[in-house]
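Trainee:
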Amino acid sequence: MNASPLPDRLAQRARNCPDKPAVRMIDGSTVRTLTYRELDARATRFARWLLDVGLEEGEVFSALLENRDDALAISWAARRCGLCFAPACSSRAGEPT
123 MNASPLPDRL
133 AQRARNCPDK
143 PAVRMIDGST
153 VRTLTYRELD
163 ARATRFARWL
173 LDVGLEEGEV
183 FSALLENRDD
193 ALAISWAARR
203 CGLCFAPACS
213 SRAGEPT
């Protein structure tokens, strides 16, 4: 069993197999693939932004997001920064949640 933190495991996968698919998003007939390299790069950018806006380890934040690959990248970024992310899905815009 691998006991390393999840963000470290993502970074390790990005180094060891950067071009392997990490995420496949299906929207109707469209399939989008995000590689481990791309997911790690997005998570790194989001992590920097989260820290730049002043969030600190242990804090909780929420964001209204569509069901897209960026939602996963933000989740990884939050884990990387020691934050708790509470996503809210906007995939059914206009419908009560």
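The opening position of the sequence shown corresponds to residue 123 in the numbering used here, with each subsequent residue numbered one higher. No residue lacks a Cβ here, since even glycine has one placed at the ideal position from N, Cα and C. A quick note: this is a predicted structure, and the numbers were derived from the prediction, not measured.
DSSP puts P143 in a beta bridge; with which residues?
Mentor: Taking the sequence shown and counting its residues from 1, one reaches residue 143 at position 21. The partner list for P143 (beta bridge, DSSP) reads T157.
Trainee: What residues are listed by DSSP as bridge partners for S184?
Mentor: Numbered from 1 along the sequence shown, position 62 holds the residue referred to as residue 184. Its beta-bridge partners are A208.
Trainee: Should R137 be labelled buried (16 or more other beta-carbon atoms within 10 Å of its own) or exposed?
Mentor: Counting from 1 along the sequence shown, the entry for residue 137 is found at position 15. Classification for R137: exposed.
Trainee: Name the DSSP beta bridge partners of D149, please?
Mentor: Taking the sequence shown and counting its residues from 1, one reaches residue 149 at position 27. The partner list for D149 (beta bridge, DSSP) reads T152.
Trainee: Who are the Cβ neighbours of M123 in its own chain at under 8 Å, not counting the five residues just before and after it?
Mentor: On the sequence shown, position 1 is the one that residue 123 refers to. Since pLDDT at M123 reaches only 46, below the 50 mark, its modelled position is unreliable, and the value read off the structure follows with that caveat. Cβ neighbours of M123 beyond the five flanking positions: none.
Trainee: Only counting the same chain, and skipping five residues up and downstream in sequence, which positions put a Cβ closer than 6 Å to that of T155?
Mentor: Against the sequence shown, residue 155 aligns to sequence position 33. Around T155: P143 and R146.
Trainee: Relative to the C-alpha of L194, which residue among E179, C139, G180 and T166 is closest?
Mentor: The sequence position of residue 194 within the sequence shown is 72, counting from 1. When C-alpha distances from L194 are compared across E179, C139, G180 and T166, the shortest belongs to T166.
Trainee: Compare the C-alpha of R190 against each of A200, C139, G180 and C211 and name the closest.
Mentor: In the sequence shown, counting from the first residue as 1, residue 190 sits at position 68. Minimum Cα distance to R190 is reached at C211.
Trainee: Measure the alpha-carbon distance for I196 versus A169 and round it to whole angstroms.
Mentor: Position 74 of the sequence shown, counted from the first residue, corresponds to residue 196. Position 47 of the sequence shown, counted from the first residue, corresponds to residue 169. So the two alpha carbons sit approximately 8 Å from each other.
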